[in-house]
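The structure appears right after this line, and notes come after that.
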Amino acid sequence: GAVVSQHPSRVICKSGTSVKIECRSLDFQATTMFWYRQFPKQSLMLMATSNEGSKATYEQGVEKDKFLINHASLTLSTLTVTSAHPEDSSFYICSARSLSAGTITDTQYFGPGTRLTVL
Amino acid sequence: DAKTTQPNSMESNEEEPVHLPCNHSTISGTDYIHWYRQLPSQGPEYVIHGLTSNVNNRMASLAIAEDRKSSTLILHRATLRDAAVYYCILRPNTGNQFYFGTGTSLTVIP
């Protein structure tokens, strides 16, 4: 149990276009989801906290108008990178905190990540 | 915001125990200690977590110092599949955000 999926796993886009990444909790409900970014050879950096039905909370230095987050249901959060540029190329990872029985409810379950390359 | 300190890298021989240390001297009374590991190009995988008492699960053991200013993740018998970057993270009781440190890259030698 407690599986998180991301789609797509890999995307290549042209500079100036927008890219949407989906994060789904497959077998549990998550009121809170998190988005991270990871550059090569570096650690994960928390970008934002997403709560179902409310606006996301962004970490300092993360542009909310560039990284649009929507958490419309208890199993789905989306991250849209608007007007992507080469410097946005990174590994984007989501996680979800479970509320469901049979899972560990005070930790985060991570998705497999999405590799974004902006040309 | 990372409040943990870990060695950058460690090596272990296969089938031997591994002790991965983590210092968190500024831990507050309500912070939980979480351990995750990450393989290249994958999301982090939950390993174990605890608050004050030592914890055991099928993957590992977590030994927490009495003053909670440090902890040690113990892999009882390292396998090649345990080669990964191991992150020690403090989770506040409210907010639940994770701020990752640099982690320890574990190499397992056959």
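From first to last, the protein sequence lines stand for chains A and B. So in the working numbering, spot 100 of the first sequence is number 100, and the numbers just go up one at a time. Offset between the second sequence (1-based) and the working numbering: plus 119. Here a beta-carbon is modelled for each residue, glycine too, at the ideal position from N, C-alpha and C.
Sequence-distant residues of its chain with Cβ nearer than 8 Å to Leu-26/A (five each side left out)
Counting from 1 along the first sequence, the entry for residue 26/A is found at position 26. Around Leu-26/A, the same chain offers Val-3, Val-4, Ser-5 and Thr-75 as residues with beta carbons nearer than 8 Å, after the five sequence neighbours per side are excluded.
Pair within 8 Å by beta-carbon distance, Ser-160/B and Gly-111/A:
Numbered from 1 along the second sequence, position 41 holds the residue referred to as residue 160/B. Numbered from 1 along the first sequence, position 111 holds the residue referred to as residue 111/A. For Ser-160/B and Gly-111/A, no; Cβs fall outside 8 Å.
Give, in chain order, every unbroken run of the beta strand (DSSP E) that is at least 3 residues long and sits entirely within the segment 27-86 of chain A.
Here the runs fully enclosed are 32-38, 45-51, 67-73 and 76-81.
Just to confirm my understanding: we take Ile-21/A, look at its own chain, exclude 5 residues before and 5 after, and list those with CB closer than 8 Å. What are they?
Position 21 of the first sequence, counting from 1, holds the residue named residue 21/A. Taken in chain order, the residues that qualify are Gln-6, His-7, Pro-8, Val-11, Thr-78, Leu-79, Thr-80, Val-81, Tyr-92, Cys-94, Thr-114 and Leu-116.
Any beta carbon of chain A sitting closer than 8 Å to that of Ser-147/B?
As a working mapping, residue 147/B is identified with position 28 in the second sequence. By this cut-off, Ser-147/B is not an interface position.
Could you work out which residue in Ser-147/B, Tyr-218/B and Thr-191/B is closest to Gln-60/A when comparing CA atoms only?
In the first sequence, the residue the question calls residue 60/A occupies position 60. Of the candidates Ser-147/B, Tyr-218/B and Thr-191/B, the one whose C-alpha sits nearest the C-alpha of Gln-60/A is Tyr-218/B.
Let me check understanding here. Comparing Cα to Cα, which of Asn-212/B, Tyr-206/B, Leu-209/B and Asn-176/B lies closest to His-195/B?
The residue labelled residue 195/B in the question sits at position 76 within the second sequence. Of Asn-212/B, Tyr-206/B, Leu-209/B and Asn-176/B, the residue nearest in Cα terms is Asn-176/B.
Kindly indicate which residue of Ala-182/B, Glu-185/B, Ile-193/B and Thr-171/B has the alpha-carbon position closest to the one of Tyr-151/B.
For the purposes of this step, residue 151/B is taken as the residue at position 32 of the second sequence. Taking each of Ala-182/B, Glu-185/B, Ile-193/B and Thr-171/B in turn and checking the Cα distance to Tyr-151/B, the smallest one comes out for Thr-171/B.
Can you find a CB in chain A that lies within less than 8 Å of the CB of Thr-221/B?
Here residue 221/B is taken as the residue at index 102 of the second sequence, counted from 1. Chain A, which has a Cβ nearer than 8 Å to the Cβ of Thr-221/B, makes this yes.
Range covered by the beta strand (DSSP E) that runs through Val-4/A
By one-based count along the first sequence, residue 4/A stands at place 4. According to the DSSP assignment, Val-4/A belongs to the beta strand (DSSP E) that extends over 4-7.
When you compare the segment 133-145 of chain B with the segment 174-194 of chain B, are there three or more beta-carbon pairs, one atom per stretch, that lie closer than 8 Å?
Under the three-pair Cβ rule at 8 Å, the segment 133-145 of chain B counts as touching the segment 174-194 of chain B.
Taking the CB atoms as reference points, tell me whether Ser-98/A and Ala-30/A lie closer together than 8 Å.
If you number the first sequence from 1, residue 98/A lands on position 98. If you number the first sequence from 1, residue 30/A lands on position 30. In this structure, Ser-98/A places its C-beta atom within 8 Å of the C-beta atom of Ala-30/A.
Chain-ordered residues of the segment 140-170 of chain B with a beta carbon less than 9 Å from chain E
Judged by its chain identifiers, the structure shown contains no chain E, and its protein chains are A and B.
Can you tell me whether Asp-116/A is helix, strand or coil according to DSSP?
One-based indexing of the first sequence puts residue 116/A at position 116. The sequence given here places Leu at residue 116/A; Asp does not occur at that position. In the structure shown, Leu-116/A adopts extended strand secondary structure according to DSSP, grouped into three states.
I'd like to check one pair, Asn-132/B with Ile-228/B: are the Cβ atoms closer than 8 Å?
Start at 1 with the first residue of the second sequence, and residue 228/B comes out as number 109. Start at 1 with the first residue of the second sequence, and residue 132/B comes out as number 13. Asn-132/B sits close to Ile-228/B, with the two beta carbons spaced by under 8 Å.
Helix or strand or just coil, what does DSSP make of Leu-194/B?
Taking the second sequence and counting its residues from 1, the one referred to as residue 194/B is at position 75. The answer is strand: DSSP assigns Leu-194/B an E or B state.
DSSP three-state label for Arg-200/B, please.
Translated into positions along the second sequence, residue 200/B becomes position 81. Helix.
Measuring straight from C-alpha to C-alpha, what distance separates Asn-173/B and Asp-186/B?
Translated into the one-based positions of the second sequence, residue 173/B becomes position 54. Translated into the one-based positions of the second sequence, residue 186/B becomes position 67. Answer to the nearest angstrom: the Cα atoms are 13 Å apart.
Residues of the segment 201-229 of chain B with a CB closer than 7 Å to any CB of chain A: list them in chain order, please.
Within the segment 201-229 of chain B, the residues whose Cβ lies closer than 7 Å to some Cβ of chain A are Asn-215, Gln-216, Phe-217, Tyr-218, Phe-219, Gly-220, Thr-221 and Gly-222, listed in chain order.
Buried/exposed call for Gln-42/A, threshold 16 Cβ in 10 Å
For the purposes of this step, residue 42/A is identified with residue 42 of the first sequence, where counting begins at 1. Answer is exposed; the Cβ neighbour count stays below 16.
Which complete beta strand (DSSP E) runs does the segment 140-227 of chain B hold, if anything under 3 residues is left out?
Runs of the beta strand (DSSP E) lying entirely within the segment 140-227 of chain B and spanning at least 3 residues, in chain order: 151-157, 164-169, 180-183, 189-194 and 203-210.
Neighbourhood of Thr-124/B by C-beta distance below 6 Å, restricted to the same chain and skipping five residues each side:
On the second sequence, residue 124/B is found 5 positions in, with the first residue counted as 1. Only Asn-142 meet the Cβ criterion.
Minimum C-alpha distance to Ala-72/A - residue among Gln-108/A, Glu-52/A, Leu-46/A and Val-19/A
The sequence position of residue 72/A within the first sequence is 72, counting from 1. Scanning Gln-108/A, Glu-52/A, Leu-46/A and Val-19/A for the CA closest to the CA of Ala-72/A turns up Glu-52/A.
Using beta carbons (cut-off 8 Å, strictly below), is Arg-97/A in contact with chain B?
The residue you call residue 97/A lines up with position 97 of the first sequence. It does; some Cβ of chain B falls within 8 Å.
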